[in-house]
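*Asks:*
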Amino acid sequence: MAVETERRWRNILTSQMIPEACGEGKLSEPSTARAAASSPELLAASRCILAIDMDCFYAQCEEIRHPHLKGRPVGVQQKMLVITSNYAARACGIKKGDSLQVVREKCPEITICNGEDLTFYGELSQRAFDVAARWSSKVEKLGLDEVFVDVTELVAERFRALDDPEACLRLASTGHEYPKESESGSSEVRVRQGDWKDLDDAHRCWARLALASEICREIREAILSEIGLTSSAGISVSKQLAKMVSSWKKPSQQTLFLPTADRLGHLLPDDLPVQKVPGIGFASTQKLHELGVRTTGEVLSAVVPEGEEYGRLLTEFDAGALRTMKALCLGIDASPVKASGAPKTCSVQDSFWQGPVRTDVQVRDNLLALAQKLITKIRSDERMYGYRPIPTFSLSLMHAPSSDGGAARRGRKQMQLGSFQIARQPGEQGDDERLQGQIADRAFALFRKLVPAEEPFVLHILNLQVGFGEALGAQRRLSFGASAPSATASAAAQLQAPVEDIELTDSDGDGEAGRNQTPPVSTERPDAVATLVSMGFAQDRAQRALAQCCDVPRAVEMLLAGGPSSSPTRLPRRDVSSRAEKRQRLNCPAPEASGAIIDLLD
DNA sequence: TGGGGTCCT
DNA sequence: AGGACCC
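Numbering (this note's numbering), first residue to last: 64 to 665.
Following this line, the structure appears as structure tokens:
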């Protein structure tokens with residue numbers, strides 16, 4: 064390939080690499096790629112990222128909850144809107160935001176389910192997350208129906224696990240390959256592991272992505288067989304590109320995006336409307352449109368710092384935002400897949416557009432109902448993620464000053480809860496009914512600060528939110544993890560060493576020894592509890608131990624040690640994993656190299 | 001238009 | 001506390 068193309072290619076790949084090696088996850092300017100850009104080791108480290116998206120998630124959940132609905136037209140309603148529908152309903156022409164009226168006209172035989180309570184959706188979402196977490200510790204939630212999975216390490220481990228350098232790999236990617244019309248996988252190439260080092264970086268990158276596409280298929284298959292959810296997915300070197308191709312073929316299909324040489328100048332089409340780019344949202348799109356900028360190509364030609372249009376852009380965006388936008392329009396995104404841990408906030412909301420709330424008594428009633436929902440949700444979060452302090456509480460609302468006067472306004476008031484505790488300790492049996500009234504009292508006080516007494520109002524939205532603090536008892540866990548490598552040491556090693564250089568040795572001396580000896584656990588609660596009960600532990604002790612430990616092995620340790628104790632323990636960190644966990648992941652379904660990988664021909 | 005979340009300023 | 005982004 065031409066020298067210039069080659070250079071750009073390296074720059075682009077480098078900018079999408081492992082963020083720690085690239086400078087704090089910040090987007091890199093392609094034209095100012097770092098000196099490290101030419102380092103072959105870094106180039107070889109381009110990431111493998113999956114974006115997995117459940118098809119019409121709420122509607123699928125309703126089909127699971129009510130199996131007789133399966134295949135018939137189903138819509139999910141919130142207030143007066145049908146927010147989503149299954150594919151049988153979409154065949155009638157139903158679109159995402161249609162009103163209930165329109166939907167009934169288009170499809171009289173449709174079944175409408177109320178989707179205002181998200182509890183069940185949240186449970187299935189968590190189970191899907193836990194499935195993905197068996198393949199990687201880096202799983203990031205985006206809403207209830209989407210996850211990013213960074214499988215870079217697993218890909219590297221599977222390649223390394225080929226202990227016979229003469230063994231042949233059959234290489235073919237799984238699923239579609241953007242923008243090819245036919246399914247890939249038909250053309251295959253045999254490669255010996257010993258040839259690996261002779262491949263150039265581009266081909267290595269493609270081979271790794273092809274293996275990632277196979278891993279993606281495994282994860283989606285597990286989500287389907289274990290939960291019953293179909294999904295669509297994208298595979299590429301960044302969250303952005305993976306996400307953008309994930310919707311190319313739907314439903315229940317996946318697409319691989321290879322950063323091939325012929326696309327390097329324009330990883331994204333020049334005429335792509337800006338709002339299609341993830342990261343450019345409603346507000347930015349409005350501003351760009353006012354400036355006459357509608358496509359990625361127009362952004363790129365306008366964002367040249369010496370150019371005429373740049374000054375106009377600077378009136379609406381700051382320089383940092385412009386750099387980010389430029390990178391996104393080039394198809395460059397170095398943002399890391401952040402392991403989603405326990406939620407940081409918990410909120411409940413209700414809206415009243417059709418039946419306006421105008422009196423203090425109505426507000427009180429609604430606050431009581433919201434407080435009840437909030438407590439229920441908090442208790443659920445505590446069961447799933449452990450017990451954490453709850454230091455802050457806030458109310459936000461949208462209201463109009465009077466019935467027909469001014470425009471809707473938003474407001475928010477926060478307070479510190481101090482000695483008033485919503486959180487419970489693991490063993491504690493609090494009086495949640497009294498708590499409900501106390502929460503409503505405080506919420507009403509906050510409401511008063513936003514809407515003074517005697518002032519007329521029409522309330523449209525009420526929202527209660529709590530913020531979680533750090534888990535207590537950070538030191539307690541050290542006593543459990545003595546035999547495992549410490550989390551911090553492992554993290555430090557990863558920061559200093561390229562992925563390829565760590566975990567090369569198997570301390571058991573036998574690469575096969577650990578295979579399948581540990582049941583896949585992760586954080587899935589119902590199964591985990593059942594596992595512990597089947598091992599002879601009492602159910603309530605098992606639940607409490609799991610709430611504190613989050614995984615079966617640690618819960619077993621705790622139970623054997625006489626726990627769970629009444630003092631809360633720190634949650635295990637999701638973003639570092641022990642050697643045992645890694646080995647387990649490596650040996651996850653289908654570790655065989657035979658089904659792997661790529662079309663090495665151009 | 002809903003009922004959730006995250007991060008940045 | 002508000003605003004941006006995501007679903």
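Glycine included, each C-beta is placed from N, C-alpha and C at the ideal position.
Does the contact criterion of 3 or more C-beta pairs under 8 angstroms hold for the stretch 502-517 versus the stretch 430-450?
*Replies:* Taking 8 angstroms as the limit for Cβ pairs, the verdict is that the stretch 430-450 does touch the stretch 502-517.
*Asks:* Among S410, S465 and L385, whose alpha-carbon lies nearest the alpha-carbon of T439?
*Replies:* By 1-based counting over the first sequence, the position of residue 439 is 376. Selected option, being the one with the closest Cα: S410.
*Asks:* Taking the straight line between their C-alpha atoms, what separation do you get for Q317 and H239?
*Replies:* Working through the first sequence from its first residue, we reach residue 317 at position 254. Working through the first sequence from its first residue, we reach residue 239 at position 176. Taking the straight line from one Cα to the other gives about 6 angstroms.
*Asks:* Taking the Cβ atom as the reference point for each residue, do G63 and A152 lie within a distance shorter than 7 angstroms?
*Replies:* The question about residue 63 has no answer here: the residues shown for the chain are numbered 64 through 665.
*Asks:* Report yes if the CB atom of V340 is closer than 7 angstroms to the CB atom of L377, and no otherwise.
*Replies:* Sequence index remark: in the first sequence, residue 340 carries index 277 (1-based). Sequence index remark: in the first sequence, residue 377 carries index 314 (1-based). No, they are not a contact pair.
*Asks:* For F211 and I278, which I take to be in contact (beta-carbon distance under 8 angstroms), what is that distance rounded to the nearest angstrom?
*Replies:* Your numbering for residue 211 matches position 148 in the first sequence. Your numbering for residue 278 matches position 215 in the first sequence. Not confirmed; about 14 angstroms, so no contact.
*Asks:* Between the alpha carbons of A382 and H266, how many angstroms are there, rounded?
*Replies:* Position 319 of the first sequence, counted from the first residue, corresponds to residue 382. Position 203 of the first sequence, counted from the first residue, corresponds to residue 266. Spanning the two alpha carbons is a distance of roughly 36 angstroms.
*Asks:* Rounding to the nearest angstrom, what Cα-Cα distance links P332 and S398 in this structure?
*Replies:* Locating residue 332 in the first sequence gives position 269, where the first residue counts as 1. Locating residue 398 in the first sequence gives position 335, where the first residue counts as 1. Spanning the two alpha carbons is a distance of roughly 21 angstroms.
*Asks:* Leaving aside the five residues before and after T358 along the sequence, list all residues of the same chain whose C-beta is less than 7 angstroms from its C-beta, in chain order.
*Replies:* Against the first sequence, residue 358 aligns to sequence position 295. The residues are D333, D334, L335, P336 and V337.
*Asks:* Cβ of S199 within 7 angstroms of Cβ of L217?
*Replies:* Counting from one through the first sequence, the residue named residue 199 turns up at place 136. Counting from one through the first sequence, the residue named residue 217 turns up at place 154. Their beta carbons are under 7 angstroms apart, which means S199 touches L217 by this criterion.
*Asks:* From M143 to E168, what distance separates their C-alpha atoms?
*Replies:* As a first step, residue 143 is located in the first sequence; it is residue number 80 there, counting from the start. As a first step, residue 168 is located in the first sequence; it is residue number 105 there, counting from the start. About 14 angstroms.
*Asks:* Considering just the uninterrupted stretch of the beta strand (DSSP E) at M307, what are its terminal residues?
*Replies:* As a first step, residue 307 must be located in the first sequence, where it is residue number 244. M307 -> not in any beta strand (DSSP E); alpha helix (DSSP H) instead, spanning K302 to S309.
*Asks:* Applying the criterion that 16 or more other CB atoms from any shown protein chain within 10 Å of the CB defines a buried residue, is W416 buried or exposed?
*Replies:* Walking along the first sequence from the start, residue 416 turns up at place 353. Label assigned to W416: exposed.
*Asks:* Short of 6 angstroms in beta carbon distance, which residues of its chain neighbour G532, apart from the five on each side in sequence? Order them along the chain.
*Replies:* Here residue 532 refers to the residue found at position 469 when the first sequence is read from its first residue. Correct list, in chain order: R451, P452 and P454.
*Asks:* Looking only at DSSP bridge pairs, what is A463 linked to?
*Replies:* Counting from one through the first sequence, the residue named residue 463 turns up at place 400. In the DSSP output, where bridge partners are listed per residue, A463 has V521.
*Asks:* Per DSSP, what kind of secondary structure is F531 in: helix, strand or coil?
*Replies:* In the first sequence, counting from the first residue as 1, residue 531 sits at position 468. Here F531 sits in coil by DSSP.
*Asks:* Check this for me: beta carbons of K313 and S295, under 7 angstroms apart or not?
*Replies:* If you number the first sequence from 1, residue 313 lands on position 250. If you number the first sequence from 1, residue 295 lands on position 232. It is a contact, given that the beta carbons lie within the stated cut-off.
*Asks:* Measuring CB to CB, does K302 end up less than 7 angstroms from D396?
*Replies:* Walking along the first sequence from the start, residue 302 turns up at place 239. Walking along the first sequence from the start, residue 396 turns up at place 333. Closer than 7 angstroms, so yes.
*Asks:* Are S315 and T293 touching if we call contact CB-CB under 7 angstroms?
*Replies:* Sequence index remark: in the first sequence, residue 315 carries index 252 (1-based). Sequence index remark: in the first sequence, residue 293 carries index 230 (1-based). A contact, by the Cβ cut-off of 7 angstroms.
*Asks:* So, at 6 angstroms on beta carbons, what are the nonlocal neighbours of S148 in its own chain, with the 5 sequence-adjacent residues on each side left out?
*Replies:* Reading the first sequence from its first residue, position 85 is the one you call residue 148. Hits under 6 angstroms: A122, G138 and I157.
*Asks:* Among G178, G355 and V214, whose alpha-carbon lies nearest the alpha-carbon of D413?
*Replies:* In the first sequence, the residue the question calls residue 413 occupies position 350. Closest option to D413, Cα to Cα, is G178.
*Asks:* Any idea what DSSP makes of H239, helix, strand or coil?
*Replies:* The sequence position of residue 239 within the first sequence is 176, counting from 1. Strand.
*Asks:* Rounded to whole angstroms, what's the CA-CA distance from C612 to Y448? Just pull it up for me.
*Replies:* By 1-based counting over the first sequence, the position of residue 612 is 549. By 1-based counting over the first sequence, the position of residue 448 is 385. Confidence is the limiting factor: at C612 the pLDDT is only 49, short of 50, which leaves the residue's position unreliable, though a coordinate-based value still follows. Cα to Cα, C612 sits roughly 9 angstroms from Y448.
*Asks:* Just curious, the alpha helix (DSSP H) that F507 is in, first and last residue?
*Replies:* Here residue 507 is taken as the residue at index 444 of the first sequence, counted from 1. Its alpha helix (DSSP H) spans residues D495 to L513.
*Asks:* Just to confirm, are D116 and E203 a CB contact at a threshold of 7 angstroms?
*Replies:* The residue you call residue 116 lines up with position 53 of the first sequence. The residue you call residue 203 lines up with position 140 of the first sequence. Cβ distance not < 7 angstroms, so D116 and E203 don't count as in contact.
*Asks:* DSSP three-state label for K476, please.
*Replies:* Taking the first sequence and counting its residues from 1, the one referred to as residue 476 is at position 413. Strand, per DSSP.
*Asks:* Within 10 angstroms of its Cβ, does F345 collect 16 or more other Cβ (buried), or is it exposed?
*Replies:* Taking the first residue of the first sequence as position 1, residue 345 is located at position 282. It counts as exposed.
*Asks:* What are the boundary residues of the alpha helix (DSSP H) that includes M388?
*Replies:* The count along the first sequence starts at 1 and reaches residue 388 at position 325. First-last of the alpha helix (DSSP H) with M388: A382 to L393.
*Asks:* Assuming contact is defined by CB atoms lying nearer than 7 angstroms, are S236 and A273 in contact in what I supplied?
*Replies:* Translated into the one-based positions of the first sequence, residue 236 becomes position 173. Translated into the one-based positions of the first sequence, residue 273 becomes position 210. Yes. Within cutoff.
*Asks:* Please report how far the alpha carbon of R190 lies from the alpha carbon of I127, in whole angstroms.
*Replies:* Numbered from its first residue, the first sequence carries residue 190 at position 127. Numbered from its first residue, the first sequence carries residue 127 at position 64. Straight-line Cα distance between these residues: approximately 14 angstroms.
*Asks:* How is T323 classed by DSSP in three states: helix, strand or coil?
*Replies:* Taking the first residue of the first sequence as 1, we reach residue 323 at position 260. In the structure shown, T323 sits in coil (DSSP, three-state: anything other than H, G, I, E or B).
*Asks:* Considering D213, what are the terminal residues of the beta strand (DSSP E) in which it resides?
*Replies:* One-based indexing of the first sequence puts residue 213 at position 150. Note, D213: beta strand (DSSP E), E209 to D213.
*Asks:* Is the distance from the Cβ of A270 to the Cβ of I298 below 7 angstroms?
*Replies:* Position 207 of the first sequence, counted from the start, is the residue given in the question as residue 270. Position 235 of the first sequence, counted from the start, is the residue given in the question as residue 298. No, Cβ-Cβ distance for A270 and I298 is not below 7 angstroms.
*Asks:* Rounding to the nearest angstrom, what Cα-Cα distance links T174 and P136 in this structure?
*Replies:* Taking the first residue of the first sequence as position 1, residue 174 is located at position 111. Taking the first residue of the first sequence as position 1, residue 136 is located at position 73. The alpha-carbon atoms of T174 and P136 are separated by roughly 6 angstroms.
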